[in-house]
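Take a look at the structure set out below.
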Ligand SMILES: Nc1ncnc2c1ncn2[C@@H]1O[C@H](COP(=O)(O)OP(=O)(O)OP(=O)(O)O)[C@@H](O)[C@H]1O
Ligand SMILES: [Mg+2]
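Numbering (UniProt numbering), first residue to last: 1 to 239.
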């Protein structure tokens, strides 16, 4: 079998005395859309923060494309081809949508004209063209999530981590974002690791799912398998 694009092994994270991740392991196969689900406070966002270098793990290891990235810096990990979005979209409110799209191209030193062309193409795919000269402050939270996702594509990442892309987003935008993820996966072969509470979206998008509860991996399998898993049902009911 091909080597997974991302391998997380026995990850632990303590904040002060509090154990937030208690031995989390998962493997993401290349070309897949892999879901991460689990109750509030399970440690999902913390897992992402460690994978992309925002936090350092207390122990455990992360391997991306066969190389150890444990403890490396955010910028180094991004340069290796790992992009991410945040649970609450992080965009620059005072910049226009087009300017937001161009932010990742500054350190890449991409030729300005090519960058603008690419940015405008991605904005048009997202249906945001008519807003390209509006400040991001003027768009909805859902549109900001869409913008943030398109911005990660500027750097052409091989693996994209999406943290709750559908949370608080109106149904029309959920559909658009879902289509864009599916297309980016199918056409460009990008791999996704996706945190979501929206089970219908997980069922639709993900071939593999890992379930976290209280900082541990409690189940893995297809969406249909984990949905029926007694440990998963218990974790959700108990919450
Ligand atoms: N920087 C931090 N310092 C201390 N505790 C933290 C920190 N970040 C997260 N935690 C704690 O770690 C636990 C897991 O948080 P995390 O945000 O990873 O959960 P989550 O699964 O993403 O939850 P949600 O579904 O609500 O987004 C929570 O109890 C949270 O309070
Ligand atoms: Mg979270």
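Glycine included, every Cβ here is placed at the ideal spot set by N, Cα and C.
- With distances taken from CA atoms, which of 210, 166, 211 is nearest residue 143? 166
- What are the start and end residues of the beta strand (DSSP E) that includes residue 26? 18-28
- Message: If you measure from each CB to the nearest heavy atom of ligand 1 and keep those under 5 angstroms, what residues do you get, in chain order?
- Response: 15, 20, 40, 41, 42, 43, 44, 45, 46
- Provide the residue(s) that pair with residue 163 in DSSP beta bridges, ordered along the chain. 195
- Task: Output yes or no for whether 8 angstroms exceeds the beta carbon distance between residue 31 and residue 202.
- Result: no
- Task: Name the two residues that bound the continuous alpha helix (DSSP H) containing residue 232.
- Result: 230-237
- Message: Shorter than 7 angstroms, the distance from the beta carbon of residue 163 to the closest heavy atom of ligand 2, or not?
- Response: yes
- Item | Simplified DSSP assignment, three categories, for residue 59 | strand
- Item | Residues of its chain near residue 158, where Cβ-Cβ distance is below 6 angstroms and the 5 sequence neighbours each way are ignored | 81
- Inside the region 31-60 only - alpha helix (DSSP H) runs reaching at least 4 residues: 44-51
- Taking buried to mean at least 16 other C-beta atoms within 10 Å of its own C-beta, is residue 40 buried or exposed? exposed
- Could you give the DSSP three-state label for residue 95: helix, strand or coil? coil
- For the alpha helix (DSSP H) containing residue 74, list its first residue and its last residue. 74-79
- Item | For residue 86, three-class secondary structure by DSSP | coil
- Message: Using CA atoms only, rank isn't needed, just tell me which of 53, 171, 60, 11 is closest to residue 76.
- Response: 53
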